[in-house]
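S.K.:
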Amino acid sequence: MTDHKKLTPRAEDFSSWYNELVQRAELADHSPVRGSMVIRPWGYGIWERMQRQLDDMFKETGHENAYFPLLIPMSFIEREKEHVEGFAPELAVVTQAGGKELEEPYAIRPTSETIIYSMYAKWVQSYRDLPILLNQWANVMRWELRTRLFLRTSEFLWQEGHTAHATPEEAEEETLTMLGVYRTFMEDWMAMPPVTGLKSPTETFAGAVRTYACEALMQDNKALQAGTSHFLGQNFSKQFDLRFQTEAGHEEYAWNTSWGVSTRLIGGLVMTHGDDEGLVLPPRLAPVQAVIVPILRGDDESPVLEKTEEVRKRLSDADVRVKVDAREHLSPGAKYYEWERKGVPYRIEIGPKDLAKGQLALAPRVVPEDGKRKAFVPENEAVAEFPNLLETFQAELLGRAAARRDAASVRGVTSLDELEEAFEQGAGFVYTGWCGDPEVEETVKERTGATIRVLPDEEFRSERAPEKCVSGERAATSEVVWARAY
RNA sequence: CGGGACGUGGCGCAGUCCGGUAGCGCACUGCAAUGGGGUUGCAGGGGUCGCCGGUUCGAAUCCGGCCGUCCCGACCA
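Rendered as structure tokens:
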């Protein structure tokens, strides 16, 4: 399925570029259901890589997987006041089944806190039954009014971790541990370095005491909330009667956390690394890390094809995910464009000339700062070095993304005028002081379209803590990061 | 959910104002040659024009309703 049309350049229209890329790289397509997408094999392959790695990290931090029902009794969702206010407008509700009206409607889960904690309540008697550390991989539904492939769809895939603890300290620690897991995953696997921190009260999850988040900066300098970790306190345990007997013998409500990332991460991946030719995949998440394109001649193709297969086997044995593209009806150039559009990190060309010289032609998807577009490397060396090349490529992507984020970050802003000016100049993250007043958030949003993304964790904070709130009058109680967001 | 735009083979579009039995490019199929950045020639296949209804002798074209997509806004992972 070749496709000659160029993508709309990012600089011209970032939205069009994104929409075209997602479809033309065959990541996803619109479905007949409003706001719901089909994730195609290439996109799902990336999601599978993400799942595998995250799942390993969850297991390493002591969690187990389980599965809870898709349908949740409406009365459950209505039990936690903040929670129902947050989710009611976007619920899809099942009112009929088996040809009859249901006595109680079921909501299609927008998130599973309520049904999960209702079950935990059955399972927990004593402090010895805690902690419970579960995760589930699931689909959820939020009837969004405005959707975009991967970034906001009515139905999406995610994981949701839900834990119950005997003490607030332990729950808080869990919340921060999982925020750290997400951050590590985004940096080391997605090459998408986020800023992490605490959400302001207005941005806190409906039903949580505190929400922590990973905020990543996209190439259009808008922020993407890429993962959240919530300290729920006893809000849900009190509503669902999740109690336990302490060592001392008295009853207490358990302390909960929940945390999640979704297929939205794939949108983040696209907007972090993609270029005007198409997708660019970090090697650790690429379903195919190298595609071999044999350069075939009409006269005798067999030596080239034999060598191609030999190289494929050698790389595969070195745990490289490699694919041979030997389709005969396409010219090499057409294949190059196709695999570039799909973001494969490396292309390897093998032709008669390479055969004669015992070399391979290696072409990285992104030309390194100091490198060449295509390198001719002796076969043995190329095979031996290939895993390192992939790691270098991975590091290159992270380095570039971090540099972009830092270049688009503005610190030391002390007034609303300066803040407005910074965003007019195209700033990404802007750091200021804040007094904690939600009205300041409202004012800034009206003037600039930006919101507080996080109260940054210590290592992201400015060297000198801001003394005054950006509104000018009151003293700052914390530093905050502003951005326009997805 | 409010404002705007759009919906014609897989993709991109023309045709719609001034109703008269659907067209172009790319892609696709077959054969042959070609093959190191979107290869060429020849021969083919595919669309009841988003859906439903109305007006009319006749509707892609006019009218109404609905659905979907995109952009702006409110809301949101």
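In the numbering used here, the protein residues as written are 10 to 495.
C-beta: ideal position from N, C-alpha, C; glycine also.
#1: In terms of residue numbering, what span does the beta strand (DSSP E) encompassing F240 cover?
#2: Within its chain, find whatever has a CB closer than 7 Å to the CB of E476; leave out the 5 residues flanking it on each side and keep chain order.
#3: Tell me which same chain residues have a C-beta within less than 8 Å of the C-beta of R19, skipping the five on either side of it?
#4: Which complete alpha helix (DSSP H) runs does the stretch 304 to 356 hold, if anything under 4 residues is left out?
#5: Quick check on DSSP: helix, strand or coil for V479?
#6: Between L428 and the rest of its own chain, which residues show a CB-CB distance below 8 Å, the 5 nearest in sequence each way excluded?
#7: Less than 8 Å separating the beta-carbons of A180 and N244?
#8: Using a Cβ-Cβ cutoff of less than 7 Å, which residues in the same chain neighbour L369 once the five nearest sequence positions on both sides are dropped?
#9: Output yes or no for whether 8 Å exceeds the beta carbon distance between K208 and T193.
#10: With 16 other CB atoms within 10 Å as the buried threshold, where does T104 fall?
#11: Among C444, A474, E488, which one has its Cα closest to the Cα of G481?
#12: Among all the DSSP beta bridges, which residues are the ones paired with R157?
#13: What residue from P202, F67, E260, G276 has the CA that sits closest to T186's CA?
#14: Identify which residue in T205, G44, T281 has its Cα closest to the Cα of R409.
#15: Which one of T162, E430, L241 has the shortest CA to CA distance from E183?
#16: Would the stretch 371 to 386 and the stretch 268 to 277 be scored as touching if the rule is three or more Cβ pairs under 8 Å?
#17: Would you mind reading off the limits of the beta strand (DSSP E) that contains M46?
#18: On a CA-only basis, which of L143, V204, V102, Y262 is nearest D540? Give me that one, please.
#19: Using DSSP with H/G/I as helix, E/B as strand and the rest coil, what is P497?
#20: Where do the ends of the beta strand (DSSP E) carrying S267 lie?
#21: Note down, in chain order, each residue of its chain lying with its Cβ closer than 7 Å to the Cβ of P82, except the 5 sequence neighbours on either side.
#22: Cβ of L100 within 8 Å of Cβ of W167?
#23: Grouping DSSP H, G and I as helix and E and B as strand, with all else coil, what is Y98?
#24: With a cut-off of 8 Å on the beta carbons, I'd call F395 and L324 a contact; round off their distance for me.
#25: Check whether the stretch 251 to 270 touches the stretch 26 to 40, taking contact to mean three or more Cβ pairs, one atom from each stretch, closer than 8 Å.
#26: What residues are listed by DSSP as bridge partners for G287?
#27: Would you report the Cα separation of S487 and R336, rounded to the nearest angstrom?
#28: Leaving out five residues on either side along the sequence, give the residues of the same chain with a beta carbon under 6 Å from the beta carbon of R161.
#29: Helix, strand or coil for T120, going by three-state DSSP, please let me know.
#30: Is it the case that the Cβ atoms of N148 and H72 are separated by a distance below 8 Å?
#31: Apart from the five residues on each side of it in sequence, which residues of its chain come closer than 6 Å, Cβ to Cβ, to P177?
#32: Taking only runs that begin and end inside the stretch 126 to 206, name each unbroken beta strand (DSSP E) of 3 or more residues, in chain order.
#33: Quick one: give me the first and last residue of the beta strand (DSSP E) that V496 is part of.
#34: Would you report the Cα separation of M10 and G352, rounded to the nearest angstrom?
#35: Using the three-state DSSP reduction, which class does D22 fall into: helix, strand or coil?
#36: Quick one: grab the DSSP three-state call for E400.
M.R.: Reading off the structure:
#1: 232 to 242
#2: G442, A484, A485
#3: W26, Q228, D229, G283, D284, D285
#4: 311 to 326, 341 to 351
#5: coil
#6: V422, V439, T441, V453, R456, T457, A459, V479, W491
#7: no
#8: V320, I357, I359, D363, V386, E388, A391
#9: no
#10: exposed
#11: C444
#12: R161
#13: F67
#14: T281
#15: L241
#16: no
#17: 46 to 48
#18: One cannot answer for residue 540 here, as it falls past the ends of the chain, which runs 10 to 495.
#19: As shown, the chain starts at 10 and ends at 495. That puts residue 497 outside it, with no answer to give.
#20: 264 to 271
#21: E113, Y115
#22: no
#23: At residue 98 the sequence reads Pro, which differs from the Tyr that was named. Looking at P98 - three-state DSSP - the assignment turns out to be helix.
#24: 6 Å
#25: no
#26: D284
#27: 59 Å
#28: E153
#29: coil
#30: no
#31: W264
#32: 141 to 150, 164 to 174
#33: A question about residue 496 goes unanswered here, because the residues of the chain that appear run from 10 up to 495.
#34: In this prediction, M10 has a pLDDT of 48, which is less than 50 and means its spatial position is unreliable; nothing more can be read from the coordinates.
#35: coil
#36: helix
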